[in-house]
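Residue numbers (the UniProt record's numbering): 1 to 715.
Using N, Cα and C, we set each Cβ at its ideal position, and we do this for glycine too.
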């Protein structure tokens, strides 16, 4: 049988990483690093194709055996940070009194992208009754004289009727402009924010179209027939055609690749993912197998772009130590990379014989309390958290950050002598300062997202993960581990990412028909950008406070013929995994229910209060697949077994029995349906009718005798 592989490419500022993943086993079979090609005609596309050709030739893989290829890019983010943007003209429309407000809302003042770098726009406005090809052409002539490259069409309520926006875009393209519109970037009401989002989309459109076209051309020239996909800011991928329409979706997609790796490769259901490089650490939350998102801000202004909620800290494996008056005053924010220094722990120990401590400024604007170690030969090296972790033998032998303990020990001696401590005490202080910064941010996220500490774990990715993540787990008393192939987890995430899109609508009191219509629209959106219909799953959320309905659809570009290639383990082994996660003896864990691919285990925990006079029972739940991965967990929930034929009847009984009432009105329980290997999320819905309609749509293609399990969370 012909081998099928997936290729992931992570384009960085200096290097481009490539991984080749076996499509069946999902195991990495090759990884390599090549220089990123900025200064050639083809741009970064040349480096990408060089890397692909090298990887395939080394493995003897034919181009036609590549069934999926995707890359992440920092092009959109860099273009905004560097002010390398196109000049944009906004042509707004409106009518009557509403038109007066629309004229104001479609005028977008200069957006500061970086110090002294602004995104400026030209603005024109037509009343709806004035809209004609002749009038549009007149405004386009004025835009042309002002140097406009991309036109934004923006009209109030265009999400309901986009006809005028589409006319303006069509005429603009016929006149030689690139064009985009408000309804293309968001389906939410709010003309000002929608227009601003469209302006940012337009500003990066020419650069991204050029880059995507060059890369796509190179991939095709290599003989690869699989469509090229590009990483999105929400952790999914999109087609080149979609990038040409909405390049803004690739903005801030760098951290998204690592989180996709944590989800798809590590199968994290609940945890904190920490991707550690040499200069910074990105921290994000995964809850119920989903990364948490937020609205992106550009130049301090809100947009309708949803990105993963990633908190970036200026602390990492290569952060430099700062010392003054015989005390370590800080670690970071500057890194060894910025100062042009190599890590001491990756050198030969003997070169530090007779080395001395020196102070320096990594850049001209920095304080002079950063330290380095200078050898007797005049070479300088940096002491870093990676060096400290190697000295204390915290880093596993197989980790990317593993260096020489002896080199680290000798290099730390001048600093230890200066502050009057042993080398071990000095290294420990460096790690405590560094990891406390990470721990403080994690505590903030745990509080913000109401995470259960008993279910959370820390997962480290990136080349510097072993330097900080394991010790952070220790000081926080949380389980911590390194992802497999942690140093290329982002690239693996690109290779395994799913096609994804989100549809949002502002609807007051949505009925079941509204829920199903938006669900269908989201599914059709991902089919349009490359997903196979049979692979699609849709998650629907209802925010009654904001009158918002959001449907997120995801799927794959191919049907995996053998989806169960992971090594299976026994039910007793899964029970052992459940007991370990629950932190109880295996004898106290009960097998509660099952589907054809999932096992449900539970443990009853008795809580006593008021000196033992009152007792409450807590039902801890773990859902584990047959490869031993925890797919879903709850600290207190009820489990119900049934089949598809009785599913709606049982679901109605469960919701009725567990619905609570309070000052804010009725509150439905969070219910998840387990069927086969799938976990269908019915949480976040506003009423019974919505839940029943969604459940019916999700289960309609399954046979009536198929086993299902309902898990209802308790307050």
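Candidates the options: closest to residue i by CA position
i	options	result
residue 308	32, 558, 297	297
residue 329	406, 548, 434	434
residue 615	604, 622, 623	604
residue 322	503, 367, 446	367
residue 683	70, 696, 668, 689	668
residue 380	711, 364, 345	345
residue 694	517, 666, 38, 676	517
residue 245	186, 355, 252	186
residue 456	627, 198, 306, 635	635
residue 159	506, 233, 316	506
residue 472	447, 532, 429	429
residue 268	230, 11, 188, 631	631
residue 550	43, 293, 596	293
residue 306	14, 289, 283, 250	250
residue 92	387, 178, 191, 356	191
residue 618	79, 454, 363, 714	714
residue 514	548, 219, 502	548
residue 198	214, 180, 347	180
residue 136	36, 166, 370	166
residue 26	144, 44, 496, 243	496
residue 326	256, 627, 421, 336	421
residue 359	373, 440, 574	373
residue 281	72, 509, 312	312
residue 569	581, 599, 385, 540	599
8 Å contact criterion, which residue i and residue j should meet: CB distance rounded
i	j	result
residue 32	residue 4	Incorrect: roughly 20 Å between the Cβ atoms, too far for contact.
residue 594	residue 484	Contact doesn't hold; Cβ gap of about 28 Å is too wide.
residue 639	residue 709	6 Å
residue 538	residue 525	Not quite, the Cβ-Cβ distance comes to about 10 Å (not below 8 Å), so this is no contact.
residue 254	residue 498	Residue 254 to residue 498, Cβ: 18 Å. No contact.
residue 591	residue 487	No, residue 591 and residue 487 are not in contact; Cβ-Cβ is about 38 Å, not under 8 Å.
residue 460	residue 480	7 Å
residue 208	residue 70	Their Cβ separation, rounded to whole angstroms, is 15 Å, which puts residue 208 and residue 70 out of contact at 8 Å.
residue 88	residue 226	Incorrect: roughly 34 Å between the Cβ atoms, too far for contact.
residue 357	residue 415	6 Å
residue 438	residue 283	7 Å
Residues near residue i in its chain [Cβ-Cβ closer than 6 Å; skip 5 each side]
i	result
residue 442	272
residue 94	102, 156
residue 332	314, 315, 319
residue 564	Because the pLDDT of residue 564 is 49, which lies under 50, any placement of that residue in the model is unreliable, and the question is left without a value.
Spatial neighbours of residue i in its chain, beta-carbon cut-off 8 Å, leaving aside the 5 residues before and after
i	result
residue 562	With a pLDDT of only 46 at residue 562, under 50, the local geometry of the prediction cannot be trusted, and the value read off the model is given with reservation. So the qualifying residues of the chain are 24.
residue 287	270, 449, 451
residue 12	36, 74
Enclosing alpha helix (DSSP H) for residue i [first to last residue]
i	result
residue 404	Where residue 404 is concerned, there is no enclosing alpha helix (DSSP H), given that its DSSP letter is neither H nor E.
residue 255	254 to 264
residue 657	647 to 658
residue 461	Segment 458 to 461 is the beta strand (DSSP E) holding residue 461; no alpha helix (DSSP H) there.
residue 514	512 to 528
residue 473	465 to 476
residue 441	423 to 448
residue 692	688 to 699
Close beta carbons around residue i, own chain, < 7 Å, minus the five adjacent residues each side
i	result
residue 763	Outside the displayed range of the chain (1 to 715) lies residue 763, so it cannot be described from this structure.
residue 224	63, 66, 69
Boundaries of the beta strand (DSSP E) in which residue i is found, first to last residue
i	result
residue 382	380 to 382
residue 672	671 to 675
residue 333	327 to 335
residue 172	Per DSSP, residue 172 belongs to no beta strand (DSSP E); it is in the alpha helix (DSSP H), 163 to 174.
residue 707	707 to 713
residue 631	630 to 634
residue 319	319 to 324
residue 531	Looking at the DSSP string, residue 531 is not in any beta strand (DSSP E), and its letter there is neither H nor E.
residue 9	5 to 11
residue 554	548 to 555
Cβ of residue i within 8 Å of any chain D Cβ
i	result
residue 311	The chain labelled as chain D is not found in the depicted structure, where only one protein chain is given.
What runs of the alpha helix (DSSP H), each 4 residues or longer, lie entirely inside the region 177 to 219?
-> Taken in chain order, the whole alpha helix (DSSP H) runs of length 4 or more contained in the region 177 to 219 are 182 to 185, 191 to 203.
With a floor of 4 residues, list each alpha helix (DSSP H) that falls wholly inside the region 36 to 105, ordered by position along the chain.
-> Listed in chain order, they are 44 to 59, 75 to 82, 96 to 105.
Would you list, in sequence order, the uninterrupted beta strand (DSSP E) runs of no fewer than 3 residues that lie entirely inside the region 562 to 618?
-> Secondary structure within the region 562 to 618: the beta strand (DSSP E) runs of 3 or more consecutive residues, fully enclosed, are 590 to 594, 598 to 609 (chain order).
Taking only runs that begin and end inside the region 223 to 255, name each unbroken beta strand (DSSP E) of 3 or more residues, in chain order.
-> Correct list: 228 to 231, 237 to 239.
Hey, which unbroken runs of the alpha helix (DSSP H) at 4 residues or more fall wholly within the region 474 to 510?
-> With a minimum length of 4 residues, the continuous alpha helix (DSSP H) runs that stay inside the region 474 to 510 are 489 to 496.
Length-filtered (3 minimum) beta strand (DSSP E) runs lying within the region 271 to 317 = List check, beta strand (DSSP E) in window: 271 to 276, 281 to 287, 293 to 298, 301 to 308, 310 to 313.
Where in the region 113 to 157 do unbroken runs of the beta strand (DSSP E), each at least 3 residues long, occur, reported from the N-terminal end onward?
-> Counting whole runs of 3 or more residues, the region 113 to 157 contains the beta strand (DSSP E) stretches 117 to 119, 121 to 127, 150 to 155.
Hey, which unbroken runs of the beta strand (DSSP E) at 3 residues or more fall wholly within the region 356 to 390?
-> The region 356 to 390 contains these whole beta strand (DSSP E) runs: 356 to 360, 370 to 374, 380 to 382.
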